[in-house]
Amino acid sequence: MKNILITGGAGFIGSHVVRLFVNKYPDYHIFNLDALTYAGNLENLSDIENKPNYTFLKGDIKDYELIQSFFEKYAFEGVIHLAAESHVDRSIANPLEFVLTNVVGTVNLLNAAKWFWKDNMAGKRFYHVSTDEVYGSLGDEGFFVESTSYDPRSPYSASKASSDHFVRAYHHTYKLPVVLSNCSNNYGPNQFPEKLIPLCINNIINNKPLPVYGKGENIRDWLYVVDHARAIDVVFHKGKNGETYNIGGHNEWTNIDLIRVLCAIMDHKLGREFGTSENLITYVTDRAGHDLRYAIDATKIKEDLGWMPSLQFEEGLEKTVDWYLNSTAWLKNVTSGDYQKYYDKQYQNRN
Ligand code: NAD
Ligand code: TYD
120 MKNILITGGA GFIGSHVVRL FVNKYPDYHI FNLDALTYAG NLENLSDIEN
170 KPNYTFLKGD IKDYELIQSF FEKYAFEGVI HLAAESHVDR SIANPLEFVL
220 TNVVGTVNLL NAAKWFWKDN MAGKRFYHVS TDEVYGSLGD EGFFVESTSY
270 DPRSPYSASK ASSDHFVRAY HHTYKLPVVL SNCSNNYGPN QFPEKLIPLC
320 INNIINNKPL PVYGKGENIR DWLYVVDHAR AIDVVFHKGK NGETYNIGGH
370 NEWTNIDLIR VLCAIMDHKL GREFGTSENL ITYVTDRAGH DLRYAIDATK
420 IKEDLGWMPS LQFEEGLEKT VDWYLNSTAW LKNVTSGDYQ KYYDKQYQNR
470 N
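Numbering of the sequence shown is given in this note's numbering, commencing with residue 120 and proceeding in unit increments.
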């Protein structure tokens with residue numbers, strides 16, 4: 120039995136990674152360390168929570184002593200690190216929390232792995248999951264490749280870039296066996312409705328305005344979350360120490376085009392007249408420093424590790440919409456409590 124630590128496993132992407140590893144690798148014991156912030160939700164894992172090879176550990180990666188005690192107790196041989204503050208708009212409102220969790224939290228995990236693995240690094244692996252936003256913003260042309268210079272432009276991407284640099288520095292300086300990946304925008308089941316796609320789905324269900332920042336011309340490259348989890352599996356097992364792999368879907372959409380497709384799917388699923396949801400589109404004040412375009416060149420992971428996305432976007436979007444429409448209790452739970460306060464504060468001055 121190999122003990123593997125996954126951080127942030129109660130969140131959106133982490134829950135899909137935990138599920139994949141628990142089901143696919145019965146000879147691994149998966150420990151999911153999560154602080155259960157507003158974004159963490161154990162309901163995301165209700166289908167696997169009683170599996171014998173799964174344990175939930177509640178804890179904050181800002182707490183070094185706690186992390187060290189978990190390493191001592193469970194002798195992790197691998198770490199897949201996803202815990203992070205992940206929303207750009209929140210980072211604009213409160214950058215410091217992003218430094219503390221994303222930078223200090225990552226360095227705490229690196230220190231614990233370095234300390235615990237110091238006498239024998241063989242067979243160990245520290246996998247840091249990052250974002251394409253560290254590369255900055257593209258114009259109309261070109262793609263992010265692994266050697267693209269870092270140019271983070273939001274507090275979120277600056278904190279992720281900083282954590283990436285620390286991970287590479289620990290490889291270079293202490294020979295820690297690390298691997299990294301930088302992925303494009305994910306979508307799919309269990310995404311908290313502060314991000315574009317689930318926010319719009321939730322608002323369409325409730326006949327609320329769909330807030331489009333600026334002119335809606337910003338471009339994102341969307342990947343179905345289960346395909347990201349598959350890529351993480353491949354990189355964890357087959358990636359080379361010290362290497363970085365870009366992950367993306369070759370699937371660029373302007374925000375406004377994406378929202379229009381989503382509106383059409385929602386009208387169809389809800390039995391509403393075509394055009395009903397589009398009438399909810401409302402252009403609002405742009406995000407400060409809004410990056411224009413992200414687009415990933417995923418050639419390296421395809422050629423070196425044989426990974427490719429499995430789903431077409433329309434198929435993935437439809438699966439996503441079906442999941443939200445069938446998960447009314449989940450949606451109700453995550454949008455009760457502080458969500459409304461967040462929403463009102465975030466959107467009240469945008470009109
Ligand atoms: P998320 O916000 O849905 O989940 C983050 C999880 O981390 C939550 O369960 C939360 O409780 C936990 N967490 C936050 N702070 C913590 C702390 N201090 N200690 C312990 N746990 C803590 O995020 P996500 O969208 O699932 O993203 C996961 C990772 O993937 C992040 O590192 C993010 O930067 C990266 N990523 C996300 C995307 C995307 O499109 N969502 C794309 C590329 C990379
Ligand atoms: P988001 O889901 O927050 O991801 P990221 O900023 O990490 O790419 O936003 C995706 C795009 O949608 C981004 O260009 C900002 C835009 N957006 C809106 O237009 N309205 C919204 O309410 C939100 C949350 C995002």
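Backbone N, C-alpha and C define an ideal beta-carbon position, used for all residues, glycine too.
* Any heavy atom of ligand 2 closer than 8 Å to the CB of Val104? -> A question about residue 104 goes unanswered here, because the residues of the chain that appear run from 120 up to 470.
* Could you give the distance in angstroms between the alpha-carbon of Leu295 and the alpha-carbon of Glu184? -> Distance between the alpha carbons of Leu295 and Glu184 is about 20 Å.
* Euclidean distance between Cα positions of Thr395 and Ile415 -> Rounded to the nearest angstrom, the two C-alpha atoms are 34 Å apart.
* **Of the residues Ile186, Tyr306 and Phe245, the one placed nearest Lys438, counting alpha carbons only** => The shortest Cα separation from Lys438 among Ile186, Tyr306 and Phe245 belongs to Tyr306.
* Any heavy atom of ligand 1 closer than 8 Å to the CB of Glu392? -> It does not: the Cβ of Glu392 is nowhere closer than 8 Å to a heavy atom of ligand 1.
* What is the residue span of the beta strand (DSSP E) that Ser205 lies within? -> Counting along the chain, Ser205 sits inside no beta strand (DSSP E), nor does DSSP assign it H or E at all.
* Which runs of the alpha helix (DSSP H) fall wholly inside the stretch 159 to 240 and span at least 4 residues, in chain order? -> Entirely contained in the stretch 159 to 240, the alpha helix (DSSP H) runs reaching 4 residues are, in chain order, 183 to 193, 207 to 212, 214 to 217 and 224 to 236.
* Taking just the CA atoms, how far does Glu336 sit from Asp423? -> For Asp423 and Glu336, the distance between alpha carbons rounds to 34 Å.
* Asked: Between the stretch 151 to 160 and the stretch 122 to 135, are three or more C-beta pairs nearer than 8 Å?
  -> The stretch 151 to 160 vs the stretch 122 to 135: in contact.
* To do: Verify whether the separation of the beta carbon atoms of Val344 and Asn309 is less than 9 Å.
  => Taking 9 Å as the Cβ cut-off, Val344 and Asn309 qualify as a contacting pair.
* To do: May I have the straight-line CA-CA distance separating Trp372 from Ser446, to the nearest angstrom?
  => C-alpha separation (whole angstroms): 26 Å.
* Taking all protein chains shown into account, decide if Pro428 is buried (16 or more other Cβ within 10 angstroms of its Cβ) or exposed. => With 16 or more Cβ atoms within 10 Å of its Cβ, Pro428 is classed as buried.
* Best match in Ser276, Asp386, Gly224 and Trp236 for proximity to Ile473 [C-alpha to C-alpha] -> The structure shown does not extend to residue 473, since the chain is modelled only from 120 through 470, so no value can be given for it.
* Asked: Any contact of the stretch 162 to 180 with the stretch 366 to 382, i.e. 3+ C-beta pairs under 8 Å?
  -> The answer is no - the stretch 366 to 382 does not touch the stretch 162 to 180, with fewer than three Cβ pairs under 8 Å.
* **Three-pair Cβ contact test at 8 Å for the stretch 205 to 215 versus the stretch 259 to 272** => Of all C-beta pairs linking the stretch 205 to 215 to the stretch 259 to 272, fewer than three are shorter than 8 Å, placing the two stretches out of contact.
* For Val207, I'd like the list of residues in its chain whose CB is within less than 6 Å of its CB, leaving aside the five on either flank, ordered along the chain. => Excluding sequence positions up to five before and after Val207, its CB lies within less than 6 Å of the CB of Ser273 and Tyr275, all in the same chain and listed in chain order.
* To do: Please determine, among Tyr289, Val331 and Phe432, the residue with the shortest C-alpha to C-alpha distance to Gly367.
  => The residue with the shortest Cα to Cα distance from Gly367 is Phe432.
* **Exposed unless 16 or more other CB atoms sit within 10 angstroms - verdict on Arg138** => Answer is buried; the Cβ neighbour count reaches 16.
* To do: Could you spell out where the alpha helix (DSSP H) holding Phe460 opens and where it closes?
  => First, the amino acid is wrong: residue 460 is Lys here, not Phe. Element bounds for Lys460: Tyr458 to Tyr466.
* Asked: Val380 by DSSP, collapsed to three states: which one?
  -> Looking at Val380 - three-state DSSP - the assignment turns out to be helix.
* Which full runs of the beta strand (DSSP E) of 3+ residues lie inside the stretch 395 to 441, going along the chain? -> Runs of the beta strand (DSSP E) inside the stretch 395 to 441: 400 to 403.
* Using the beta-carbon count (16 or more within 10 Å), is His356 buried or exposed? -> By the 10 Å Cβ count, His356 comes out exposed.
* Asked: Does the beta carbon of Leu299 fall short of 8 Å from some heavy atom of ligand 1?
  -> Short note on Leu299: C-beta not closer than 8 Å to any heavy atom of ligand 1.
* To do: At 4 residues or longer, and completely inside the stretch 120 to 160: list those alpha helix (DSSP H) runs for me, N to C.
  => Complete alpha helix (DSSP H) runs here, min 4: 131 to 143.
* Could you pull out every residue in the same chain whose Cβ sits closer than 6 Å to the Cβ of Lys233, ignoring the five residues on either side in sequence? => Same-chain partners within the cutoff: Tyr293 and Leu295.
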